[in-house]
Structures are given as structure tokens and as C-alpha cells.
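Trainee:
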Amino acid sequence: NEIVLQFLAFSRVSQDHRGTAWPKTVYFTFQLYRFPPATTPRLQLVKLDQAGKTHILVPINKDGAFDAGSPGFQLKYMVNPGFLKPGEQRWFLRYLAVQTLQIDVWDGDALLLVGSAAVQLKVARPPALSR
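Position 82 (the sequence shown) corresponds to 82 in the UniProt record's numbering; numbering is contiguous.
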């Protein structure tokens, strides 16, 4: 079984009426369950429209270029029966059903915290874990 996290777009609530500049790149940090803490690669922010309220996230190549034709970043976690300790299955299912994933957003150039988001997991129960 796998759990897939996708980072596709970025927007923010405007708290500054003077129009604080958007970062050019961002990266995310978080920890899912008892997996090791994760850090995404830097992702370029590309405006979707003139208003610039939402940006798509685009991976940056090693040479600094980016391809807006293939947006987003995907991270997969493999959850095999051997991953869970005896008796841990119900705790893991409860975690997926009721917990929120805390994600920190960082300016990819200045390395400063931009903000945080709490994402409700509400994951459908994988068939292999339902037994």
C-alpha cells in the first residue's frame, strides 16, 4: 500500500495591504506518522493569472531551469504489513482518519518560514489494512 502526497499549487491569505512580495521558490517540511521528517525540493512559483493569487508549483532542474509543462511534486510512502508493529494497525488507521498533517512552508531562497498549513488527512482506508 502506498500513501501519495502531491504538492500542486500555492496560495496565501493576504495579511499585508501593501502587497508583500511572493517568494520566487518555496519548499515544504513535514512529518507523516512515524516516518522520518521530510523536506521537498525547492519548487518554483509560477503565476496562473494576472491577479497572482494562486501559483502552480514547478520542480527546478539542477541547472536552475524549470518546465511549467509538468507542474507539482509527488512524494510516496510505502506502508507494507511489515512496517507496522504488532497491534499498531488500528493506531495507524486512526491517525489517517482523524489527524492533521502540519506542513511548514519555507522561502526557498531566503530560507525563512513563510507560514504553516494544517491539512486534514481523512484518507480512505486501504483494503489490505481493513482486515
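Just so you know, even glycine gets a beta-carbon here, dropped at the ideal spot from N, CA and C.
How should Q31 be labelled, buried or exposed, when 16 other C-beta atoms within 10 angstroms of its C-beta is the threshold for buried?
Mentor: exposed
Trainee: Between the C-alpha atoms of V4 and G87, what's the straight-line distance to the nearest angstrom?
Mentor: 24 Å
Trainee: Do the CB positions of A117 and V105 come within less than 9 Å of each other?
Mentor: yes
Trainee: Following the continuous alpha helix (DSSP H) through F92, name the residue where it begins and the one where it ends.
Mentor: 89-98
Trainee: So if DSSP puts F7 in a beta bridge, which residue, or which two residues, is it bridged to?
Mentor: F73
Trainee: Look up A118 in the DSSP assignment and say whether it is helix, strand or coil.
Mentor: strand
Trainee: Can you check which of these residues, K122, W22, R34, A110, is closest to A97 by C-alpha distance?
Mentor: K122
Trainee: Pick from R34, K24, T29: whose alpha carbon is nearest that of R56?
Mentor: A small correction: the amino acid at residue 56 is Ile; Arg does not occupy that position in the sequence shown. I56 has its Cα closest to that of K24, out of R34, K24, T29.
Trainee: Can you tell me which of the three DSSP states Y83 falls into?
Mentor: It should be noted that the sequence gives Phe, not Tyr, for residue 83. If DSSP states are grouped into helix, strand and coil, F83 belongs with coil.
Trainee: Closest by CA to Q102, which one among P37, I60, A9?
Mentor: P37
Trainee: Among P71, R42, Q50, R94, whose alpha-carbon lies nearest the alpha-carbon of K62?
Mentor: The residue among P71, R42, Q50, R94 with its C-alpha nearest the C-alpha of K62 is R42.
Trainee: Could you give the first and the last residue of the continuous beta strand (DSSP E) run that contains V26?
Mentor: 25-30
Trainee: How many Å lie between N80 and N1 at the Cα?
Mentor: 6 Å
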